[in-house]
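Chemist:
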Amino acid sequence: MLGAIEAGGTKFVCAVGDELGNIIERVQIPTTVPEETMPKVIDFFNQYDIKAIGIGSFGPIDVNPESPAYGNITSTPKPGWRDYPFVKSMKDAFPVPIGFNTDVNAAALGEVTLGAAKGLDSCLYITVGTGIGAGAVVQGNLLQGYSHPEMGHILVRRHPNDEYQGKCPYHQDCLEGLAAGPAIEERWGEKGMNLVDRAEVWEMEGYYIAQALMQYVLILSPKRIILGGGVMNQTQVFPSIYKYLQEFVNGYVTLPELSEYIVGPGLGDNAGITGSLLLAQRALQEEN
Ligand code: ADP
Ligand code: ZN
2 MLGAIEAGGT KFVCAVGDEL GNIIERVQIP TTVPEETMPK VIDFFNQYDI
52 KAIGIGSFGP IDVNPESPAY GNITSTPKPG WRDYPFVKSM KDAFPVPIGF
102 NTDVNAAALG EVTLGAAKGL DSCLYITVGT GIGAGAVVQG NLLQGYSHPE
152 MGHILVRRHP NDEYQGKCPY HQDCLEGLAA GPAIEERWGE KGMNLVDRAE
202 VWEMEGYYIA QALMQYVLIL SPKRIILGGG VMNQTQVFPS IYKYLQEFVN
252 GYVTLPELSE YIVGPGLGDN AGITGSLLLA QRALQEEN
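At position 25 of the sequence shown (counting the first as 1) the number is 26 in our numbering, and the numbers step up by one without a gap.
1) Are the beta-carbon atoms of G153 and E177 separated by less than 8 Å?
2) Extract the residue ranges of the beta strand (DSSP E) inside the stretch 115-171, only unbroken runs of 3 or more that lie entirely within it.
3) Taking only three categories from DSSP, how would you classify F101?
4) Can you tell me which of G230, G57 and L214 puts its alpha carbon nearest to the alpha carbon of L259?
5) CB A184 to CB T131, shorter than 8 Å?
6) Quick one, are the C-beta atoms of F95 and I51 less than 8 Å apart?
7) Starting from the C-beta of Y245, find all residues in its chain whose C-beta is less than 7 Å away, skip the five residues before and the five after it, and write them out in chain order.
8) What span of residues does the alpha helix (DSSP H) with E1 cover, start to end?
9) In whole angstroms, what is the alpha-carbon distance linking G276 and A107?
10) With ligand 2 as the reference, list in chain order each residue whose Cβ lies under 6 Å from any of its heavy atoms.
11) Quick one: is the Cβ of P183 within less than 7 Å of any heavy atom of ligand 1?
12) Which value, in whole angstroms, describes the spacing of the CA atoms of I242 and L268?
13) Beta carbon of G4, beta carbon of P35: below 8 Å?
14) Residues bridged to A53 by DSSP?
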C-alpha cells in the first residue's frame, strides 16, 4: 500500500492507494498546529502497511535534496508550520521512501498521468484559490531548479479599470495579489461565489490570468494548461481568458485550439491527492 498526503492550509487530505494512482481510502484532517494535525496523520497511516509516502504540500517548501532544510515547510505565516520538518517527522514514524513536492507540482503529475493531460509529456497546472500557484511537468519530469517554481507571484499589467491596491504582503499587486480569491473579495466587497452575475469581475479576472498564461506559454510551452482552484468554479472566466490570450499573443505564436488547450482538471478535486500517490510511487521506484 502507498500513502499520500495533500497538505493544504485549511485541511490535510490523507489517502492510501495503489501504484496506479487509485485511491482506496481517504480522510480529511483540519490543518491546525503540527502537534495536533500530525499525530492524526500518523494514526491514519498506522492502520496500513505503507511502502512509500508521497507528500504534496502547501509552501513555500524546501525541495532541494542537497539542502540541510530539505523536507521542511519554510516561510509560511501559518502558526506553528514555519520551518516545520515535514519529511523528517513522517520518516521518524514511517522509515520508508518519501516523495516531497509542492501541492501544485503533485497536481500537475496527477493530471499528466491520469487526468486532462494524460498521454502528454508536459503540462502546467495552475490553482486560483486562496493563493495562486502553478506546477509543471516538463518532458515527463516535475519542474524544479534551485527551488520550486512560484508562478503565482509574477508581475502583471493592471487592467485599465482596476484601482484596487492588491493583496500580496510581499509584492502587493503581483498576479496573486490581484487575482486570487481574497483579492477578488476585497476589490469587489463580496466573496467570489456571490459575484456570479457581475460580468466585469470575471472579465477582469480573465485579463489577469491571460497575461500570466501568455508568459507561461512563452517560457515553458506546455502541451496543456489546466486551471483548478475555487475561483475557477466560475467557468465564465474561461471565455475571458481565451479572448485576452488571443489578443495578447496577437498571432506571434500558434496555439492549439484554446478550448482544448486550456481546460479544467480532469481529476476534479482529486488532482492533488492522486498526484501525491504518484509521488509515493516515484519515490519507491527511485529507492529500488
Ligand atoms: P484553497 O486555495 O484554500 O485550497 P480553494 O481553491 O477552494 O481553496 O480557494 C478558496 C478561494 O476560492 C476563496 O477565496 C473563495 O472565495 C474562492 N472560491 C471558492 N469557491 C468559489 C466559487 N464558486 N466562485 C468564486 N470563488 C470561489
Ligand atoms: Zn506576490
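The C-beta atom is built at its ideal place from N, Cα and C for all residues, glycine as well.
Modeler: Taking the coordinates as given:
1) Against a cut-off of 8 Å, the Cβ pair of E177 and G153 comes out as a contact.
2) 124-129 and 133-139
3) strand
4) L214
5) no
6) Contact flag set, yes.
7) G207, Y208 and A211
8) For the chain, the structure presents residues 2 to 289; residue 1 sits outside this window and is missing.
9) 4 Å
10) H154, C169, Y171, H172, C175, E177 and G178
11) yes
12) 21 Å
13) Contact flag unset, no.
14) Per DSSP, the beta-bridge partners of A53 are L3.
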